[in-house]
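What follows is a short report on a single structure.
Residue numbers (my numbering): 97 to 371.
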């Protein structure tokens, strides 16, 4: 009979010993959450304070700690302000596909119309949409104020937000670099052809400014290529440099028209701009 009574007792004692570390861990977590919650509350970081106080207000915490945390949690909930974010277009219609950041950090991937708890203080909100110009709001969020409405108006894209294919500054800059590269290639061709011309002329039999060009073929062709390369290269390089410099005027709705011409007697460049 005595042996039968020992078995349940041993099982019960084993269970109590196994549960003791868990109980100790829970108690330590509750005390730590209560301490952090008070510190964050005093620093007016009410959102984080609420998360910590929810931990120590749970039924698994000691009764004394739980009671204090419930009271502190009520105070934080009353002081915690909430805002309702919205965005509209120029006609006053609501926009939904708008992401919002606060003080440089992501806040909402999409406006949902729900009240959002925030820490009190001065905050900068940025509203961004894929097909509209962004808008900023600098707002003082007041402690204890509930469902404060914050609305931004998003207008059409600014000129510098238009894709490069429509002729904005990045598009002109790209074209400028292409022209400048072609100009450098033309100058290189002119230089190589010029050197070849000089080499052929030195190899020709010349006397009293009269040269036997028949002895060295291709002198005239090399000379023409040299002149054409220098003229065309200079014009293209100047055109490219002009486009690069003019495209640096950010935010301006400028237009640039460049016309270049190369003739056997020389070259020309005509540029027109609108601002």
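Quick reminder that beta carbons are idealized off the backbone N, C-alpha and C, glycines included.
Whole-number beta carbon distance between residue j and residue i, since they are thought to touch under 8 Å
i	j	result
residue 229	residue 200	Contact doesn't hold; Cβ gap of about 19 Å is too wide.
residue 223	residue 183	5 Å
residue 142	residue 176	4 Å
Strand pairing of residue i, partner residues [DSSP]
i	result
residue 224	195
residue 179	212 and 244
residue 219	235
residue 249	184
residue 155	Beta-bridge pairing links residue 155 to no other residue.
residue 204	196
residue 190	184
Alpha-carbon spacing of residue i relative to residue j, whole angstroms
i	j	result
residue 162	residue 178	26 Å
residue 158	residue 240	30 Å
residue 216	residue 234	13 Å
residue 186	residue 273	38 Å
residue 137	residue 172	7 Å
residue 207	residue 193	7 Å
residue 205	residue 277	43 Å
residue 243	residue 339	52 Å
residue 98	residue 153	Below a pLDDT of 50, predicted positions are generally treated as unreliable, and residue 98, at 44, falls in that range; the measurement from the model is reported next regardless. Near 45 Å, if we compare the C-alpha coordinates of residue 153 and residue 98.
residue 218	residue 226	27 Å
residue 231	residue 123	48 Å
residue 181	residue 280	55 Å
residue 156	residue 253	55 Å
residue 128	residue 168	15 Å
residue 146	residue 337	60 Å
residue 237	residue 221	11 Å
residue 134	residue 144	10 Å
residue 334	residue 291	23 Å
residue 268	residue 202	34 Å
residue 438	residue 249	Since the first and last residues shown for the chain are 97 and 371, residue 438 lies out of range.
residue 131	residue 247	37 Å
residue 112	residue 214	Low per-residue confidence applies at residue 112: pLDDT is 42, beneath 50, and the placement is therefore not dependable, though the value from the model is reported in the following sentence. Answer to the nearest angstrom: the Cα atoms are 43 Å apart.
residue 160	residue 166	10 Å
residue 151	residue 125	8 Å
residue 211	residue 270	46 Å
residue 121	residue 148	16 Å
residue 331	residue 284	13 Å
Residue i at chain C interface by Cβ criterion, 8 Å
i	result
residue 157	The structure shown contains no chain C; it is built from a single protein chain.
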